[in-house]
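Asker: Residue numbers (the numbering used here): 4 to 153. Quick reminder that beta carbons are idealized off the backbone N, C-alpha and C, glycines included.
1) Going by the beta-carbon positions, is the gap between residue 135 and residue 123 smaller than 8 Å?
2) What's the C-alpha gap between residue 4 and residue 81?
3) Between the Cα of residue 69 and the Cα atoms of 40, 107, 146 and 118, which residue gives the shortest distance?
4) May I ask you to report which of helix, strand or coil DSSP gives residue 46?
5) Let me check understanding here. Comparing Cα to Cα, which of 22, 116 and 94 lies closest to residue 85?
6) Pairs of beta-carbons, one from the stretch 9–27 and one from the stretch 53–63, closer than 8 Å: are there three or more?
7) Do you know whose CA, among 46, 28 and 125, lies nearest residue 104's CA?
8) Less than 6 Å between C-beta atoms, sequence neighbours within five positions excluded: which residues of the same chain meet that for residue 152?
9) Quick test of your reading: residue 15 and residue 29, contact by CB under 8 Å. State the CB separation rounded to the nearest angstrom.
10) Given this structure, state the Cα-to-Cα distance separating residue 116 from residue 140, to the nearest angstrom.
11) In three-state DSSP terms, what is residue 96?
12) Give the straight-line distance between the Cα atoms of residue 38 and residue 78, rounded to the nearest whole angstrom.
13) Can you check whether the CB of residue 83 is closer than 8 Å to the CB of residue 133?
14) Just verifying my parser: in three-state terms, what is the DSSP assignment at residue 12?
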């Protein structure tokens, strides 16, 4: 597969059980501007990508399943942006200062090795999991020679 000349924005629709509370999380905690809105959904500018929050009944929200990765229970369903190194650490500090509960605390994987990356997981008020990542060398984003401890 060829890489595009520039990264194009993606679109992701998320089920949320409390539209107002979840919207506050994305707009105030993560500084995501809003776009179009209706009574049951809201468009967000999520780090340059379009995320749409869709209101669902609590019993219709999918349950979280995890997989073991490097000693952590990583939510199988998650998404998030890949930030530059300084932006990742600034966001981690801002989230810590805001008292946000981490699903997985900010940490460094493959420290000192090729593919060194920072990662952290949080959940929005509706239980959707977000992973924020950063690579010391963004050229290692799709490297295939990295091994993870399960």
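Answerer: The relevant details are as follows:
1) yes
2) Model confidence at residue 4 stands at a pLDDT of 42, short of 50, so the residue's coordinates are unreliable and nothing is read from them.
3) 107
4) strand
5) 94
6) yes
7) 125
8) In this predicted model, residue 152 has a pLDDT of only 46, less than 50, meaning its place in the structure is not dependable enough to derive any value.
9) The Cβ separation is near 12 Å, so there is no contact.
10) 10 Å
11) helix
12) 28 Å
13) yes
14) coil
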